[in-house]
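K.L.:
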Amino acid sequence: MKLRTIDVPQADSLALVRRLLEVISQSKSTAVKELAARSGFSERHVRYRTQAARILGFLSNADGIEVSLRGHRLLATEAGSPAEKSQLRQAVARCAAVQLIAPDLLSSPSRRCQGARQKITAVSGLSEATAERRAVVLRSWHRDLA
Numbered sequence: 168m169k170l171r172t173i174d175v176p177q178a179d180s181l182a183l184v185r186r187l188l189e190v191i192s193q194s195k196s197t198a199v200k201e202l203a204a205r206s207g208f209s210e211r212h213v214r215y216r217t218q219a220a221r222i223l224g225f226l227s228n229a230d231g232i233e234v235s236l237r238g239h240r241l242l243a244t245e246a247g248s249p250a251e252k253s254q255l256r257q258a259v260a261r262c263a264a265v266q267l268i269a270p271d272l273l274s275s276p277s278r279r280c281q282g283a284r285q286k287i288t289a290v291s292g293l294s295e296a297t298a299e300r301r302a303v304v305l306r307s308w309h310r311d312l313a
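FYI, in my numbering the residues of the sequence shown are 168 to 313.
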C-alpha cells in the first residue's frame, strides 16, 4: 500500500496539535492565515498540525476544517490528563499512517521505532533525509504517549 507524503506526520507535538484544535473549535474562520494569527503558530506549522489532526481523526473534512466527534472528545479532556493521553493513544493506534509505518509504535521500546525511516521511504517515496525527519515525529509521539 502506498501512502501520500502529506499523510506522513510532520507535527512533533501532540500537545500543539490539541492547541490548534482548540483554536479551530473557537474560530469562525478556518483559513490558515487566521488560524496562524489566533494560535501564534507559523502558517507552515498550522498546516503540519492541521494535517496531523486530520490523519488522527480529530478533524472532519466536510466543507473545510471542522472538529470531528473524536476531536470534541479530546477537547473535553483536561490538557495533560490521563484521559487526554488515553484519547491521543486511541487516535494514534487507529491512525492508518501509523498502522502502516509503525504498527507497534505505542507498545514497543523507542529504539524499535528506528525502522520507521525505511518504512516511510518504502511506502511514501520520500527521500531518506525527509523520512528520517518524519520518523523523529513518530518517536516524539511515542515519548509523549508511552
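All C-beta atoms, glycine included, are put in the ideal place defined by N, C-alpha and C.
Per DSSP, L226 is paired with what?
P.N.:
Beta-bridge pairing links L226 to V234.
K.L.:
Can you give me the Cβ contacts of S291 inside the same chain, cut-off strictly under 6 Å, excluding the 5 residues immediately before and after it?
P.N.:
Correct list, in chain order: L170, T172, V175.
K.L.:
Can you list, in chain order, the residues of its chain with a C-beta nearer than 8 Å to that of L267? Leave out the 5 residues immediately preceding and following it.
P.N.:
Result list for L267: M168, L170, K286, V290, in chain order.
K.L.:
In three-state terms, what does DSSP make of E245?
P.N.:
Of the three classes helix, strand and coil, the one that applies to E245 here is coil, per DSSP.
K.L.:
Exposed or buried, which one is L236 when buried takes at least 16 other CB atoms within 10 Å?
P.N.:
Counting Cβ neighbours within 10 Å, L236 comes out exposed, since fewer than 16 surround it.
K.L.:
Does the beta-carbon of R216 have 16 or more other beta-carbons within 10 angstroms, so that it is buried, or is it exposed?
P.N.:
R216 is buried by the Cβ-count criterion.
K.L.:
Just to confirm the assignment, what range does the alpha helix (DSSP H) spanning T288 have?
P.N.:
Run containing T288: 283-291, per the alpha helix (DSSP H) assignment.
K.L.:
What distance in whole Å lies between the Cβ atoms of R256 and L241, which are believed to be in contact at a cut-off of 8 Å?
P.N.:
Wrong, their Cβ atoms sit about 11 Å apart, outside the cutoff.
K.L.:
Could you name the residues of the same chain whose beta carbon sits closer than 8 Å to that of V234, not counting the 5 residues immediately before and after it, in chain order?
P.N.:
Cβ neighbours of V234 beyond the five flanking positions: L188, I191, S192, F225, L226, S227, L242.
K.L.:
Can you tell me where the alpha helix (DSSP H) holding L305 begins and where it ends?
P.N.:
First-last of the alpha helix (DSSP H) with L305: 295-312.
K.L.:
So what's L272 in DSSP terms, helix, strand or just coil?
P.N.:
Coil, per DSSP.
K.L.:
List in chain order: all unbroken alpha helix (DSSP H) runs of 4+ residues lying wholly within the region 200-224.
P.N.:
Listed in chain order, the complete alpha helix (DSSP H) runs (minimum 4 residues) inside the region 200-224 are 210-222.
K.L.:
Return the residue from the list A204, E295, A258 that minimises the CA-CA distance to R221.
P.N.:
Selected option, being the one with the closest Cα: A258.
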